[in-house]
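Convert by adding 11 to the 1-based position in the sequence shown; the result is the number in our numbering.
Please read the structure below before turning to the comments.
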Amino acid sequence: MNVRTAVVLAAGEGTRLRPLTENRPKPMLSAGNRPILEHVLDALVEAGIEQLVVVVGYRRTRVQEHFGPDYRGVPIEYAIQEKQLGSGHALLQARDATTDPMVVVNGDRVIESGPVEKVIERFEASDGSPVMAVLERDDAYKYGGVRLDDGEITTLVEKPAPGEFRLINAGIYAFEASVFDAIEGTHRNAGELVLTDTIGKLMDGGRVNGVKTDGIWVDATYPWDLLEVTSEVLANGRVSEPARADGVWVADSATVHEDATLRAPVAVGTDCVIGPGSVIGPEVAVGKNTTVGANVTVQGSVIDPDSRLDPGSTVIDAVLGQGVHLKADVTIPGGPADVRVNRDVFENQRLGAVLADRVHVGGGVDFDPGALVGSEARIGTGSHVDGHVPAGAEGVR
(Lines of atoms letter the chains of each structure in order from A; the text may use other names.)
(Lines give C-alpha, C1' and ligand atoms only; values in the text may rest on other atoms or scores of the structure.)
Protein backbone atom coordinates (compact mmCIF):
# COMPACT_ATOMS: atom_id res chain seq x y z
CA MET A 12 0.00 0.00 0.00
CA ASN A 13 2.66 2.49 -1.07
CA VAL A 14 1.64 6.15 -1.26
CA ARG A 15 3.05 7.89 -4.31
CA THR A 16 0.17 10.27 -5.16
CA ALA A 17 -0.58 13.59 -3.50
CA VAL A 18 -3.69 15.74 -3.81
CA VAL A 19 -3.08 19.41 -3.09
CA LEU A 20 -6.05 21.59 -2.18
CA ALA A 21 -5.32 24.96 -3.79
CA ALA A 22 -8.71 26.24 -4.92
CA GLY A 23 -9.50 28.88 -2.29
CA GLU A 24 -9.19 32.65 -2.47
CA GLY A 25 -8.23 33.59 1.07
CA THR A 26 -10.72 36.43 1.52
CA ARG A 27 -9.13 37.72 4.73
CA LEU A 28 -5.92 38.33 2.75
CA ARG A 29 -7.51 40.87 0.45
CA PRO A 30 -6.49 43.04 -1.30
CA LEU A 31 -3.57 40.70 -2.14
CA THR A 32 -5.95 37.97 -3.31
CA GLU A 33 -7.95 40.19 -5.64
CA ASN A 34 -5.99 38.76 -8.58
CA ARG A 35 -4.58 35.44 -7.33
CA PRO A 36 -5.45 32.67 -4.91
CA LYS A 37 -3.88 32.45 -1.47
CA PRO A 38 -1.52 29.58 -2.45
CA MET A 39 0.11 31.93 -4.97
CA LEU A 40 0.98 34.61 -2.43
CA SER A 41 4.65 34.93 -1.63
CA ALA A 42 6.46 33.13 1.16
CA GLY A 43 9.92 34.56 0.77
CA ASN A 44 10.20 35.29 -2.93
CA ARG A 45 8.35 32.18 -4.11
CA PRO A 46 4.66 31.26 -3.95
CA ILE A 47 3.45 29.37 -0.90
CA LEU A 48 2.40 26.54 -3.20
CA GLU A 49 5.99 26.03 -4.41
CA HIS A 50 7.05 25.27 -0.85
CA VAL A 51 4.21 22.76 -0.55
CA LEU A 52 5.13 20.99 -3.78
CA ASP A 53 8.80 20.95 -2.73
CA ALA A 54 7.82 19.13 0.46
CA LEU A 55 5.83 16.54 -1.48
CA VAL A 56 8.52 15.92 -4.11
CA GLU A 57 11.19 15.62 -1.41
CA ALA A 58 8.96 13.10 0.40
CA GLY A 59 8.97 10.83 -2.66
CA ILE A 60 5.64 11.71 -4.26
CA GLU A 61 5.54 10.71 -7.93
CA GLN A 62 2.15 12.08 -9.04
CA LEU A 63 0.65 15.45 -8.13
CA VAL A 64 -3.04 16.29 -8.39
CA VAL A 65 -3.63 19.98 -7.75
CA VAL A 66 -7.20 21.09 -7.13
CA VAL A 67 -7.63 24.63 -8.45
CA GLY A 68 -10.58 26.99 -8.54
CA TYR A 69 -10.41 30.70 -7.79
CA ARG A 70 -8.10 32.40 -10.33
CA ARG A 71 -6.93 28.96 -11.35
CA THR A 72 -4.95 30.11 -14.38
CA ARG A 73 -2.47 31.77 -12.02
CA VAL A 74 -1.60 28.32 -10.68
CA GLN A 75 -1.71 26.47 -13.98
CA GLU A 76 0.39 28.98 -15.90
CA HIS A 77 3.00 29.18 -13.16
CA PHE A 78 3.54 25.43 -12.72
CA GLY A 79 2.51 23.97 -16.07
CA PRO A 80 2.35 20.18 -16.59
CA ASP A 81 5.03 19.18 -14.07
CA TYR A 82 7.10 20.37 -11.14
CA ARG A 83 10.69 19.25 -10.62
CA GLY A 84 10.04 16.36 -13.01
CA VAL A 85 6.87 15.19 -11.23
CA PRO A 86 3.74 15.29 -13.42
CA ILE A 87 0.84 17.50 -12.37
CA GLU A 88 -2.81 16.86 -13.15
CA TYR A 89 -5.23 19.68 -12.43
CA ALA A 90 -8.70 19.06 -11.01
CA ILE A 91 -11.09 22.00 -11.12
CA GLN A 92 -13.43 23.09 -8.35
CA GLU A 93 -15.76 25.45 -10.20
CA LYS A 94 -17.44 26.70 -7.02
CA GLN A 95 -15.65 26.83 -3.70
CA LEU A 96 -17.95 24.62 -1.63
CA GLY A 97 -15.59 23.48 1.09
CA SER A 98 -12.40 21.47 1.55
CA GLY A 99 -14.17 18.12 1.27
CA HIS A 100 -15.82 19.20 -1.95
CA ALA A 101 -12.40 20.30 -3.24
CA LEU A 102 -10.92 16.87 -2.54
CA LEU A 103 -13.90 15.23 -4.22
CA GLN A 104 -12.94 16.95 -7.50
CA ALA A 105 -9.80 14.78 -7.59
CA ARG A 106 -11.83 11.57 -7.71
CA ASP A 107 -11.32 10.98 -11.42
CA ALA A 108 -7.59 11.68 -11.14
CA THR A 109 -6.64 8.84 -8.79
CA THR A 110 -7.82 5.51 -7.47
CA ASP A 111 -4.67 5.01 -5.41
CA PRO A 112 -3.96 5.72 -1.74
CA MET A 113 -3.03 9.37 -1.43
CA VAL A 114 -1.55 12.08 0.69
CA VAL A 115 -3.81 15.13 0.92
CA VAL A 116 -2.37 18.52 1.90
CA ASN A 117 -3.59 22.07 2.10
CA GLY A 118 -1.84 24.14 -0.54
CA ASP A 119 -1.88 27.41 1.36
CA ARG A 120 0.53 26.73 4.24
CA VAL A 121 4.31 26.44 4.08
CA ILE A 122 5.40 22.95 5.12
CA GLU A 123 8.47 20.77 4.71
CA SER A 124 8.92 17.13 3.80
CA GLY A 125 9.35 15.65 7.30
CA PRO A 126 5.68 15.70 8.34
CA VAL A 127 4.63 14.31 4.95
CA GLU A 128 7.11 11.46 5.31
CA LYS A 129 5.81 10.65 8.81
CA VAL A 130 2.22 10.53 7.59
CA ILE A 131 3.15 8.25 4.70
CA GLU A 132 5.18 5.97 6.97
CA ARG A 133 2.33 5.65 9.46
CA PHE A 134 -0.22 4.97 6.73
CA GLU A 135 1.90 2.35 4.98
CA ALA A 136 2.42 0.55 8.29
CA SER A 137 -1.31 0.47 9.05
CA ASP A 138 -4.33 -1.39 7.77
CA GLY A 139 -5.39 1.49 5.56
CA SER A 140 -6.90 3.60 8.32
CA PRO A 141 -6.73 7.35 7.64
CA VAL A 142 -3.81 9.28 9.10
CA MET A 143 -3.68 12.93 10.18
CA ALA A 144 -0.58 14.94 11.08
CA VAL A 145 -0.86 16.97 14.26
CA LEU A 146 1.31 19.76 15.65
CA GLU A 147 1.72 21.23 19.11
CA ARG A 148 1.06 24.98 19.24
CA ASP A 149 0.29 27.51 21.93
CA ASP A 150 -2.32 29.13 19.68
CA ALA A 151 -4.25 25.95 18.89
CA TYR A 152 -7.55 27.80 19.32
CA LYS A 153 -6.88 29.61 16.02
CA TYR A 154 -6.73 26.42 13.98
CA GLY A 155 -8.91 23.74 15.57
CA GLY A 156 -8.03 21.44 18.42
CA VAL A 157 -7.12 17.75 18.35
CA ARG A 158 -6.76 15.13 21.07
CA LEU A 159 -4.48 12.16 20.49
CA ASP A 160 -4.71 9.00 22.60
CA ASP A 161 -2.23 6.19 21.98
CA GLY A 162 -1.80 7.20 18.35
CA GLU A 163 -5.52 7.62 17.66
CA ILE A 164 -7.40 10.85 17.03
CA THR A 165 -10.17 10.89 19.65
CA THR A 166 -11.36 14.49 19.51
CA LEU A 167 -11.51 17.03 16.70
CA VAL A 168 -12.90 20.49 17.52
CA GLU A 169 -13.13 23.22 14.89
CA LYS A 170 -13.24 26.24 17.24
CA PRO A 171 -11.88 25.40 20.69
CA ALA A 172 -11.61 27.87 23.54
CA PRO A 173 -8.16 29.41 24.18
CA GLY A 174 -6.07 27.08 26.33
CA GLU A 175 -8.34 24.09 25.80
CA PHE A 176 -6.07 22.28 23.33
CA ARG A 177 -2.37 22.26 22.45
CA LEU A 178 -2.49 19.99 19.40
CA ILE A 179 -3.81 21.13 16.03
CA ASN A 180 -4.68 19.49 12.75
CA ALA A 181 -1.71 20.22 10.46
CA GLY A 182 -3.71 19.74 7.26
CA ILE A 183 -1.63 16.77 6.08
CA TYR A 184 -3.48 13.47 5.66
CA ALA A 185 -3.28 10.03 4.08
CA PHE A 186 -6.38 8.24 2.81
CA GLU A 187 -7.45 5.32 0.72
CA ALA A 188 -9.57 6.20 -2.31
CA SER A 189 -12.65 5.19 -0.31
CA VAL A 190 -12.48 8.66 1.26
CA PHE A 191 -14.38 9.94 -1.78
CA ASP A 192 -17.41 7.83 -0.85
CA ALA A 193 -17.13 9.05 2.72
CA ILE A 194 -17.16 12.66 1.55
CA GLU A 195 -20.25 12.08 -0.56
CA GLY A 196 -21.98 10.65 2.51
CA THR A 197 -21.09 13.63 4.70
CA HIS A 198 -23.78 16.09 5.74
CA ARG A 199 -23.32 19.52 4.20
CA ASN A 200 -22.55 22.34 6.58
CA ALA A 201 -24.07 25.63 5.34
CA GLY A 202 -24.00 24.16 1.84
CA GLU A 203 -20.35 23.09 2.05
CA LEU A 204 -18.63 19.73 2.34
CA VAL A 205 -15.96 20.15 4.99
CA LEU A 206 -13.12 17.61 5.10
CA THR A 207 -12.90 17.65 8.89
CA ASP A 208 -16.60 16.72 9.04
CA THR A 209 -15.78 13.66 6.95
CA ILE A 210 -12.89 12.83 9.26
CA GLY A 211 -15.26 13.09 12.22
CA LYS A 212 -17.55 10.63 10.47
CA LEU A 213 -14.62 8.26 9.88
CA MET A 214 -13.74 8.53 13.58
CA ASP A 215 -17.28 7.50 14.50
CA GLY A 216 -17.11 4.45 12.24
CA GLY A 217 -13.55 3.32 12.88
CA ARG A 218 -10.07 4.58 13.64
CA VAL A 219 -8.24 7.68 12.46
CA ASN A 220 -4.56 7.57 13.31
CA GLY A 221 -2.63 10.64 14.34
CA VAL A 222 1.07 11.28 14.11
CA LYS A 223 2.87 14.07 15.93
CA THR A 224 5.11 16.13 13.68
CA ASP A 225 7.32 19.17 13.92
CA GLY A 226 9.31 21.31 11.53
CA ILE A 227 8.23 24.27 9.44
CA TRP A 228 4.48 24.88 9.41
CA VAL A 229 3.52 28.48 8.70
CA ASP A 230 0.11 29.89 7.88
CA ALA A 231 -1.02 33.33 6.72
CA THR A 232 -4.54 34.35 7.68
CA TYR A 233 -4.20 38.12 7.30
CA PRO A 234 -1.91 40.24 5.08
CA TRP A 235 0.57 41.07 7.84
CA ASP A 236 1.06 37.36 8.50
CA LEU A 237 3.02 37.17 5.25
CA LEU A 238 5.82 39.09 6.95
CA GLU A 239 6.11 36.38 9.61
CA VAL A 240 5.84 33.67 6.96
CA THR A 241 8.74 35.20 5.07
CA SER A 242 10.78 35.60 8.26
CA GLU A 243 10.31 31.89 8.97
CA VAL A 244 11.19 30.89 5.41
CA LEU A 245 14.38 32.96 5.45
CA ALA A 246 15.36 31.80 8.94
CA ASN A 247 15.18 28.20 7.74
CA GLY A 248 16.94 28.80 4.43
CA ARG A 249 13.96 27.74 2.31
CA VAL A 250 15.31 29.77 -0.59
CA SER A 251 16.17 28.65 -4.12
CA GLU A 252 18.80 31.31 -4.89
CA PRO A 253 22.48 30.55 -4.18
CA ALA A 254 24.03 31.87 -0.97
CA ARG A 255 26.56 34.69 -1.28
CA ALA A 256 27.09 34.88 2.47
CA ASP A 257 25.48 33.53 5.60
CA GLY A 258 21.79 34.40 5.31
CA VAL A 259 22.23 36.28 2.03
CA TRP A 260 20.83 34.65 -1.11
CA VAL A 261 21.22 36.32 -4.49
CA ALA A 262 20.32 34.88 -7.89
CA ASP A 263 23.18 34.58 -10.35
CA SER A 264 21.37 36.84 -12.82
CA ALA A 265 20.74 39.59 -10.26
CA THR A 266 22.85 42.75 -10.22
CA VAL A 267 23.72 44.27 -6.86
CA HIS A 268 25.70 47.51 -6.98
CA GLU A 269 28.99 47.41 -5.10
CA ASP A 270 27.80 50.32 -2.94
CA ALA A 271 24.54 48.59 -1.99
CA THR A 272 24.20 46.72 1.31
CA LEU A 273 22.38 43.43 1.83
CA ARG A 274 21.63 42.64 5.47
CA ALA A 275 20.86 39.05 6.40
CA PRO A 276 18.50 37.42 6.16
CA VAL A 277 17.67 38.60 2.66
CA ALA A 278 16.85 36.96 -0.68
CA VAL A 279 17.12 38.64 -4.09
CA GLY A 280 15.50 36.89 -7.04
CA THR A 281 16.46 36.42 -10.68
CA ASP A 282 17.08 39.45 -12.90
CA CYS A 283 16.76 41.93 -10.03
CA VAL A 284 18.75 45.15 -9.90
CA ILE A 285 19.75 46.78 -6.60
CA GLY A 286 21.06 50.33 -6.97
CA PRO A 287 23.93 52.15 -5.24
CA GLY A 288 23.49 53.25 -1.65
CA SER A 289 20.47 51.04 -1.09
CA VAL A 290 20.15 49.00 2.09
CA ILE A 291 18.04 45.87 1.72
CA GLY A 292 17.28 43.77 4.79
CA PRO A 293 17.08 42.29 7.25
CA GLU A 294 14.10 39.99 6.67
CA VAL A 295 13.45 41.04 3.09
CA ALA A 296 12.53 38.95 0.06
CA VAL A 297 12.75 40.57 -3.37
CA GLY A 298 10.91 38.84 -6.20
CA LYS A 299 12.33 38.32 -9.67
CA ASN A 300 12.72 41.13 -12.20
CA THR A 301 12.42 43.84 -9.56
CA THR A 302 14.42 47.06 -9.79
CA VAL A 303 15.45 48.95 -6.66
CA GLY A 304 16.89 52.38 -7.35
CA ALA A 305 19.59 54.30 -5.54
CA ASN A 306 19.44 55.05 -1.82
CA VAL A 307 16.39 52.94 -1.12
CA THR A 308 15.86 51.37 2.31
CA VAL A 309 13.82 48.17 2.63
CA GLN A 310 13.38 46.30 5.91
CA GLY A 311 11.12 43.47 7.01
CA SER A 312 9.21 43.40 3.74
CA VAL A 313 8.07 41.24 0.84
CA ILE A 314 8.49 42.68 -2.66
CA ASP A 315 6.78 40.61 -5.33
CA PRO A 316 8.09 40.16 -8.90
CA ASP A 317 8.20 42.85 -11.57
CA SER A 318 8.12 45.73 -9.10
CA ARG A 319 10.05 48.99 -9.18
CA LEU A 320 11.20 51.14 -6.27
CA ASP A 321 12.57 54.47 -7.44
CA PRO A 322 15.41 56.34 -5.67
CA GLY A 323 15.12 57.59 -2.13
CA SER A 324 12.17 55.49 -1.01
CA THR A 325 11.80 53.84 2.40
CA VAL A 326 9.78 50.63 2.75
CA ILE A 327 9.40 49.02 6.18
CA ASP A 328 7.10 46.15 7.24
CA ALA A 329 5.33 46.18 3.88
CA VAL A 330 3.91 43.67 1.43
CA LEU A 331 4.12 44.85 -2.18
CA GLY A 332 2.29 42.85 -4.82
CA GLN A 333 3.35 42.10 -8.37
CA GLY A 334 4.15 44.98 -10.67
CA VAL A 335 4.01 47.69 -8.00
CA HIS A 336 5.77 50.95 -8.88
CA LEU A 337 6.90 53.41 -6.22
CA LYS A 338 8.16 56.69 -7.62
CA ALA A 339 10.95 58.57 -5.85
CA ASP A 340 10.94 59.41 -2.14
CA VAL A 341 7.95 57.31 -1.10
CA THR A 342 7.81 56.54 2.62
CA ILE A 343 6.15 53.46 4.10
CA PRO A 344 6.97 53.46 7.82
CA GLY A 345 6.78 50.32 9.87
CA GLY A 346 4.07 49.28 12.30
CA PRO A 347 2.58 48.79 14.76
CA ALA A 348 -0.81 49.68 13.37
CA ASP A 349 -4.49 49.12 13.95
CA VAL A 350 -5.72 47.44 10.77
CA ARG A 351 -9.32 47.07 9.67
CA VAL A 352 -10.20 43.87 7.81
CA ASN A 353 -13.86 43.80 6.82
CA ARG A 354 -15.67 44.71 10.06
CA ASP A 355 -12.89 43.73 12.43
CA VAL A 356 -10.08 45.93 13.73
CA PHE A 357 -6.82 44.23 14.67
CA GLU A 358 -4.73 46.29 17.05
CA ASN A 359 -0.95 46.68 17.22
CA GLN A 360 -0.11 44.67 14.11
CA ARG A 361 3.32 44.81 12.52
CA LEU A 362 2.35 46.36 9.21
CA GLY A 363 3.60 49.38 7.32
CA ALA A 364 1.32 48.92 4.31
CA VAL A 365 -0.07 46.42 1.82
CA LEU A 366 -0.03 47.39 -1.84
CA ALA A 367 -1.78 44.88 -4.08
CA ASP A 368 -0.79 44.06 -7.66
CA ARG A 369 0.06 46.84 -10.11
CA VAL A 370 -0.40 49.75 -7.71
CA HIS A 371 1.27 52.97 -8.90
CA VAL A 372 2.44 55.42 -6.24
CA GLY A 373 3.54 58.93 -7.19
CA GLY A 374 6.63 60.65 -5.87
CA GLY A 375 6.82 61.95 -2.33
CA VAL A 376 3.86 59.92 -1.06
CA ASP A 377 3.82 58.92 2.58
CA PHE A 378 1.72 56.20 4.18
CA ASP A 379 0.26 55.82 7.64
CA PRO A 380 1.05 52.41 9.15
CA GLY A 381 -1.54 49.78 8.31
CA ALA A 382 -2.71 51.21 4.97
CA LEU A 383 -4.27 48.73 2.53
CA VAL A 384 -4.24 49.64 -1.17
CA GLY A 385 -6.25 47.62 -3.69
CA SER A 386 -4.92 46.38 -7.01
CA GLU A 387 -4.29 48.86 -9.84
CA ALA A 388 -4.93 51.89 -7.67
CA ARG A 389 -3.03 55.05 -8.55
CA ILE A 390 -1.81 57.30 -5.76
CA GLY A 391 -1.13 60.91 -6.74
CA THR A 392 2.18 62.68 -6.19
CA GLY A 393 2.65 64.09 -2.70
CA SER A 394 -0.36 62.28 -1.24
CA HIS A 395 -0.85 61.06 2.30
CA VAL A 396 -2.39 57.58 2.45
CA ASP A 397 -4.19 56.01 5.37
CA GLY A 398 -6.87 53.39 5.85
CA HIS A 399 -8.12 51.53 2.80
CA VAL A 400 -7.83 52.54 -0.85
CA PRO A 401 -10.12 50.48 -3.11
CA ALA A 402 -8.97 48.60 -6.18
CA GLY A 403 -8.74 50.71 -9.31
CA ALA A 404 -8.93 54.03 -7.49
CA GLU A 405 -7.57 56.88 -9.63
CA GLY A 406 -5.56 59.89 -8.55
CA VAL A 407 -5.90 59.34 -4.81
CA ARG A 408 -4.55 62.36 -2.90
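Note that the Cβ used here is the ideal one computed from N, Cα and C, for glycine as well.
Predicted model only: the values in this text are computed from it and were never measured.
Bridge partners - residue i, DSSP secondary structure assignment
i      : result
Trp235 : In DSSP, Trp235 forms no bridge with anything.
Gln360 : Ala348
Ser41  : Pro46
Gln310 : Ile327
Leu20  : Val66 and Asn117
Asn220 : Val142 and Glu163
Glu147 : Leu178
Asp377 : Thr342 and His395
When the options are compared against residue i, the one with the closest alpha-carbon
i      : options                           : result
Val19  : His77, Leu52, Ile179 and Pro36    : Leu52
Leu31  : Glu195, Leu383 and His50          : Leu383
Thr96  : Arg106, Gly84, Thr165 and Tyr69   : One point to set straight first is that residue 96 is Leu, not Thr, in the sequence displayed. It is Tyr69 whose Cα lies nearest to the Cα of Leu96.
Arg199 : Ser98, Gly398, Met39 and Val352   : Ser98
Lys129 : Ala58, Phe357, Glu195 and Thr308  : Ala58
Ala262 : Met39, Arg45 and Gly25            : Arg45
Thr342 : Leu366, Phe357 and Gly334         : Leu366
Val303 : Ala271, Tyr89 and Glu405          : Ala271
Leu206 : Val400, Pro171 and Gln104         : Gln104
His100 : Gly334, Asp192 and Pro276         : Asp192
Thr241 : Arg369, Ala404, Pro173 and Ala296 : Ala296
Asp420 : Ala108, Thr16, Arg27 and Glu239   : An answer regarding residue 420 cannot be provided, because it is not within the stretch 12 to 408 covered by the chain.
Gly311 : Leu237, Asn247, Gln333 and His336 : Leu237
Arg255 : His268, Glu239 and Ala278         : Ala278
Ala42  : Pro173, Gly23, Val114 and Gly298  : Gly298
Thr423 : Arg120, Asn34 and Asp257          : An answer regarding residue 423 cannot be provided, because it is not within the stretch 12 to 408 covered by the chain.
Gly248 : Glu93, Glu294 and His399          : Glu294
Val85  : Gly23, Asp160 and Leu63           : Leu63
Residue burial classification, residue i (beta-carbon count within 10 angstroms, cutoff 16)
i      : result
Lys338 : buried
Arg351 : exposed
Thr72  : exposed
Gly221 : buried
Arg83  : exposed
Ala265 : buried
Asn117 : buried
Thr165 : exposed
Glu123 : buried
Gly403 : exposed
Pro401 : exposed
Ile91  : exposed
Glu50  : A small correction: the amino acid at residue 50 is His; Glu does not occupy that position in the sequence shown. Burial call: buried.
Lys37  : buried
Ala181 : buried
Ser386 : buried
Gly79  : exposed
Cβ neighbours of residue i in the same chain (closer than 6 Å, five flanking residues each side left out)
i      : result
Asn300 : Asp282, Pro316 and Asp317
Ala348 : Gln360, Leu362, Pro380 and Gly381
Glu243 : Val229
Thr325 : Thr308 and Thr342
Thr209 : Gly99, Ala193, Ile194 and Thr197
Leu273 : Val259, Ile291 and Gly292
Ala329 : Ser312, Ile343, Gly363 and Ala364
Other residues of its chain near residue i: CB distance less than 7 Å, five sequence neighbours each side excluded
i      : result
Ile179 : Val145, Leu146, Arg148, Ala151, Tyr154, Gly155, Gly156 and Val157
Asp81  : Ile87
Gly211 : Leu167
Gly226 : Glu123, Gly125 and Pro126
Tyr89  : Val65, Val67 and Gln75
Asp138 : none
Gly334 : Asp317, Ser318, Asp368 and Arg369
Contacts around residue i, its chain only, beta-carbon distance under 8 Å, and the 5 residues preceding and following it disregarded
i      : result
Gly374 : Asp321, Lys338, Ala339, Asp340, Val341, Thr392 and Gly393
Val415 : Because the chain here runs from 12 to 408, residue 415 falls outside it and cannot be looked at.
Asn306 : Gly286, Pro287, Gly288, Ser289, Pro322 and Gly323
heavy atom of the ligand FMN below 7 Å from residue i C-beta
i      : result
Arg148 : The ligand FMN is absent from the structure shown, which contains no ligand whatsoever.
Quiz prompt | Entirely enclosed alpha helix (DSSP H) segments - the stretch 177–210, minimum 4 residues | solution = 190–195
Quiz item: Considering only residues of the stretch 91–137, which uninterrupted alpha helix (DSSP H) runs meet the minimum length of 4 residues and lie entirely inside it, listed in chain order?
Solution: Correct list: 98–103 and 124–135.
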